[in-house]
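Chains as they are written, first to last, in the working numbering: chain A, 511 to 831; chain B, 50 to 324.
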């Protein structure tokens, strides 16, 4: 962002914008504008409008990939969503993962960001170190954690052993499958941390000084000043991270479903993985499309609830936007 | 207090760095010792880094990954900038509504269009090529358009009016003035997209799995190697090569982050605050 916005910036509501222009020039400008945004418009048409329309159509069809023939299926694909026990299973798994991962990730990130924000020295180097895992391709993360989380030889259980804690069979015991993936996700907590750090840095110091003179201790300051002032960012993170958690795929697929000859624990069957299997391993495109729409509706409902609740909790400064 | 905090932060730093050190160490071990958690390795096998190029079709994977990531990042930066300038500079009917649509598409879960997009690429006859993995970049990307538009909106209109008086065309305004001035933002977009494309696993899994291993990208290839070496698939547990490849796929990202860190962090923060 340029530091200072000039009087007549393109985005400004300068009076100059309303001045009369010859209409032919106006028309030329409008055509040029539409031509500039044309690439996006074409992409929108193909990869959003046509794509979503086709997806909706597919969900009411039996589609045969080899012949390209689609037969009407009525509501059969949607009916299947309620009959197939693996749909319910994968939804439950996904919700449990999201409920675990989203709060833990944000709380841990908030702790790290607060630490970074409270120390004047060496913030840059720590921020860099915390962020590095976020740059790591998921496949490299998976190949390392597959071995770190190994119940018998893995480094994580060895460290737990130093403290006399018998580590679980992370990747085998159904109870510990989801925590395993949460741990992998947490390694990449740096993304959330950096966003929260920016929010913390924008809290004016005067607010703390005022609170300190009022006798508020550090904990009170944190919950009464910091949290409300960064609540718009927290709100944004909850929504974005929830949407991402509901679509989790890479980690679960790489750890458990990569090798189609090995059996995978049911506890690792996430909705995104099952959707992928239906589409690109079973080639049930109609079922996969119906699954996609179900997920879309679920995401919309959850986001809607979060926005509704969030608007009551989030502090947007004096003008309430 | 500060000392205590620095100690805690260092503790966390060790936790975050440990998997990298572990990866580096494992990549230098012989077959039987990959899982022994010894840092440093008991036996140093620098030859892993030579052998891996014969063991796995790594050159082909690297070439595929580099091509797809560079094509994606470069195309999406250019087209997103063009579209963003269209939204920022020009006044045309429906501009606000269309921009609202653009913002709305950012919320669309990718899973919904996964299947039909596959069928669209199939209908266009591009299955079995890398086109589906970078072709979408020809049409810009909502989040990047949003980011770049924010940047353009801060530019002075007088600058453009003056250029118009001097006879510059609209294309000239964009190419000679707006785009060069937006370079910091364009770099952010390029790095973001390069990372997304380089790290992408699901895309290549869908579009490149059915070809031979030499058509894979590095991430897809590593997943393939993990299975290939696994004893359940008849392999001999040569995971040290998986570790070498994992390190090689990670390293460019770490280097890019170190170099472009300042731009990068600013981009993440801007995206979050505006979003």
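For every residue, glycine included, the Cβ atom is placed at its ideal position computed from N, Cα and C.
Mark residue 277 of chain B as exposed unless 16 or more other C-beta atoms lie within 10 angstroms of its C-beta, in which case mark it buried. buried
Three Cβ pairs or more, each shorter than 8 Å: is that satisfied between the region 651-666 of chain A and the region 75-94 of chain B? yes
Please tell me whether residue 691 of chain A and residue 761 of chain A are closer than 9 Å, where the distance is taken between their beta carbons. yes
The alpha helix (DSSP H) that contains residue 788 of chain A, what's its start and end? 781-790
Taking the alpha carbon of residue 250 of chain B as the point to measure from, which residue in B:112, B:182, B:172 has its own alpha carbon closest? B:182
According to the Cβ coordinates, are residue 781 of chain A and residue 642 of chain A closer than 9 Å? no
Classify residue 93 of chain B: buried if its beta carbon has 16 or more other beta carbons within 10 angstroms, exposed otherwise. exposed
Can you list, in chain order, the residues of its chain whose CB lies under 7 Å from that of residue 698 of chain A, leaving out five sequence neighbours each side? 643, 644
Following the continuous alpha helix (DSSP H) through residue 580 of chain A, name the residue where it begins and the one where it ends. Premise fails: residue 580 of chain A lies in the beta strand (DSSP E), 579-582, not in any alpha helix (DSSP H).
Own chain, CB closer than 7 Å to residue 282 of chain B, minus 5 neighbours either side, in chain order: 276
For residue 87 of chain B, which three-state DSSP category applies? coil
Any residues in the region 295-314 of chain B with a beta carbon nearer than 7 Å to a beta carbon of chain A? Which ones, in chain order? 295, 298, 299, 302, 303, 306, 310, 314
Identity of the residue in A:817, A:776, A:818 nearest residue 604 of chain A by Cα: A:776
Whose C-beta lies closer than 6 Å to the C-beta of residue 186 of chain B among residues of the same chain, with five residues either side of it excluded? 121, 124, 125
Contacting positions in the region 704-722 of chain A - beta carbon closer than 7 Å to chain B: 704, 705, 708
Of the residues that make up the region 67-94 of chain B, which ones have a beta carbon closer than 8 Å to any beta carbon in chain A? 67, 68, 69, 71, 72, 75, 83, 84, 85, 86
Is residue 806 of chain A close to chain B? Criterion is C-beta to C-beta, closer than 9 Å. yes
By Cβ distance, which residues of its chain are closer than 7 Å to residue 795 of chain A, with the 5 residues on each side in sequence left out? 568, 573, 575, 789
Does residue 602 of chain A come within less than 9 Å of chain B when only Cβ atoms are used? no
Using a C-beta cutoff of 9 Å, does residue 646 of chain A count as contacting chain B? yes
Using only alpha-carbon positions, find the residue among A:595, A:661, A:589, A:566 that is nearest to residue 160 of chain B. A:566
By how many angstroms is the C-alpha of residue 545 of chain A removed from the C-alpha of residue 129 of chain B? 13 Å
By how many angstroms is the C-alpha of residue 652 of chain A removed from the C-alpha of residue 765 of chain A? 6 Å
Terminal residues of the continuous alpha helix (DSSP H) containing residue 588 of chain A? 586-593
Taking 9 Å as the CB-CB cut-off, is residue 760 of chain A touching chain B? yes
Within the present structure, is the beta-carbon of residue 593 of chain A separated from the nearest heavy atom of the ligand HEM by less than 8 Å? Ligands in the displayed structure: none, and consequently the ligand HEM is not present.
Quick one: which chain A residues come within Cβ less than 8 Å of residue 185 of chain B? 553, 557
What do you reckon, are the CB atoms on residue 207 of chain B and residue 518 of chain A nearer than 9 Å? yes
Taking residue 123 of chain B as the query, report the chain A residues whose CB atoms sit under 7 Å from its CB, ordered along the chain. Under the 7 Å cutoff, chain A gives no residues; its nearest Cβ is about 14 Å from residue 123 of chain B.
At what residues does the alpha helix (DSSP H) containing residue 251 of chain B begin and finish? 251-257
Determine the closest residue to residue 266 of chain B out of B:55, B:71, B:110, B:58, with distance taken between C-alpha atoms. B:110
Residue of B:62, B:70, B:52 minimising C-alpha distance to residue 300 of chain B: B:70
Same chain, Cβ closer than 8 Å to residue 826 of chain A, five either side skipped, listed in chain order: 742
Scan the region 147-167 of chain B for residues whose Cβ lies nearer than 8 Å to a Cβ of chain A and list them as they occur along the chain. 147, 150, 151, 154, 156, 157, 158, 159, 160, 161, 162, 163, 164, 165, 166, 167
Positions along the region 601-630 of chain A whose CB lies within less than 7 Å of some CB in chain B: 622, 625, 628, 629
Where DSSP assigns a beta bridge to residue 573 of chain A, which residues make up the other side? A:580
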